[in-house]
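Heads up: the structure comes next, in structure tokens.
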Amino acid sequence: MKRSSSMLILFLFLLIIIPCDHAIESPQYTVALLATDFEIRHYRNSTWMSAALQGTSFEKSTQEGFHRLYRFIRGENLNSSEIDMTSPIVTGIAQSSQGSFRSYWVSFYLPAKFQGVPPQPDPELNLKLDEQKAHCVAVRKFAGFARDDNIDGEMEALVASLDNYTSGRIAMDDKNEFAVAQYNASHHLSGRLNEIWLDVGTPVADKCQP
């Protein structure tokens, strides 16, 4: 229970701002390949707001980054606009080739009404607009809470599945850079959904090629 405390705190923020009867928007995608333990998705162009951090851990960085995004969502922007919650919250992770140093960025998908002209965050929040082009993503789902002690193993399992299934035909953009997507609020102690995301290139003729 102690190990999950920081993530419980993070998702208490989500519980506060998500009405139970409100449909949650998510970035749109199509499934290009569905295997037993992973899938490849084609995500469309999308706009996110991101908080970059030089954090000491995945959990602490996710908590700090989401806190800054939460303030933006609740109206700390130049329009004083309150923004509906979306899902998932995505934490990107980039590490040195030796694995000794990591940087993080925590991203919030902007709802459709703000995809064109999003509110500008207050400067003190140090947030950056992230306009993502259409891309292909390999995805591995896993249950429970995403933590520092399990995300690397899930990432390694995804890479192994890709290698085994495709015999190296899928070119992974960078194995030292991946993301963790988290979908649930803190009160969901069971039936939780998390995903590891790994970019595997750009679409060809608007399709991902498995």
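Taken in order, the sequence shown gives residues -23 to -1, 1 to 187; the numbers are from mature numbering (1 follows the signal peptide of the UniProt record, and there is no 0). The C-beta atom is built at its ideal place from N, Cα and C for all residues, glycine as well.
Residues near residue i by beta carbon distance below 6 Å, same chain, minus five either side
{"i": "residue 188", "result": "The shown model of the chain, from -23 to 187, leaves out residue 188, and the question about it has no answer."}
{"i": "PRO65", "result": "ALA158, GLN159, TYR160"}
With 16 other Cβ atoms within 10 Å as the buried cut-off, status of residue i
{"i": "SER167", "result": "exposed"}
{"i": "GLY69", "result": "buried"}
{"i": "ASP(-3)", "result": "Confidence in ASP(-3) is poor, its pLDDT being 40 and thus under 50, which makes the residue's placement too unreliable to answer from."}
{"i": "GLY93", "result": "exposed"}
{"i": "HIS19", "result": "buried"}
{"i": "GLU54", "result": "Checking the sequence shown, residue 54 turns out to be Asn, not Glu. Buried is the call here."}
{"i": "PHE35", "result": "buried"}
{"i": "PRO153", "result": "Looking at the sequence provided, one finds Asn at residue 153 rather than Pro. That one is exposed."}
{"i": "PRO(-5)", "result": "Summary for PRO(-5): the model assigns pLDDT 41, below 50, so the residue's position carries little reliability; its value from the coordinates is reported in the next sentence. It is exposed - the Cβ of PRO(-5) has fewer than 16 other Cβ atoms within 10 Å."}
{"i": "PRO98", "result": "buried"}
{"i": "PHE122", "result": "buried"}
{"i": "ASN171", "result": "buried"}
{"i": "PHE78", "result": "exposed"}
{"i": "ALA182", "result": "exposed"}
For residue i, the three-state DSSP class (helix, strand or coil)
{"i": "residue 197", "result": "With the chain running from -23 to 187 in the structure shown, residue 197 is simply not present."}
{"i": "HIS165", "result": "coil"}
{"i": "PHE155", "result": "strand"}
{"i": "ALA89", "result": "helix"}
{"i": "ASN141", "result": "helix"}
{"i": "GLN40", "result": "helix"}
{"i": "VAL83", "result": "strand"}
{"i": "PHE119", "result": "strand"}
{"i": "ALA29", "result": "strand"}
{"i": "VAL67", "result": "strand"}
{"i": "GLU16", "result": "strand"}
{"i": "ARG98", "result": "According to the sequence shown, residue 98 is Pro rather than Arg. The answer is strand: DSSP assigns PRO98 an E or B state."}
{"i": "GLU131", "result": "helix"}
Whether residue i touches residue j by CB criterion (8 Å)
{"i": "ASN103", "j": "ALA28", "result": "yes"}
{"i": "residue 203", "j": "PHE85", "result": "Shown here, the chain extends from -23 to 187; a query on residue 203 therefore has no answer."}
{"i": "ILE1", "j": "THR39", "result": "no"}
{"i": "PRO96", "j": "SER58", "result": "yes"}
{"i": "THR24", "j": "LEU106", "result": "yes"}
{"i": "ARG124", "j": "ASP14", "result": "no"}
{"i": "ILE60", "j": "PRO100", "result": "no"}
{"i": "ARG48", "j": "ALA120", "result": "no"}
{"i": "LEU46", "j": "MET26", "result": "yes"}
Cβ-based neighbour list, residue i, same chain, cut-off 7 Å, excluding 5 preceding and 5 following
{"i": "PHE155", "result": "ILE70, MET132, ILE173, TRP174, LEU175"}
{"i": "VAL8", "result": "GLU16, ARG18"}
{"i": "GLY52", "result": "SER58, GLU59"}
{"i": "ASN56", "result": "PRO96"}
Own chain partners of residue i with C-beta closer than 8 Å, once the 5 adjacent residues on each side are dropped
{"i": "GLN5", "result": "TYR20, ARG21, SER23"}
{"i": "ILE128", "result": "PHE35, ILE70, VAL157, ILE173"}
Contact between the region 106 to 114 and the region 170 to 178 (3+ Cβ pairs under 8 Å): yes
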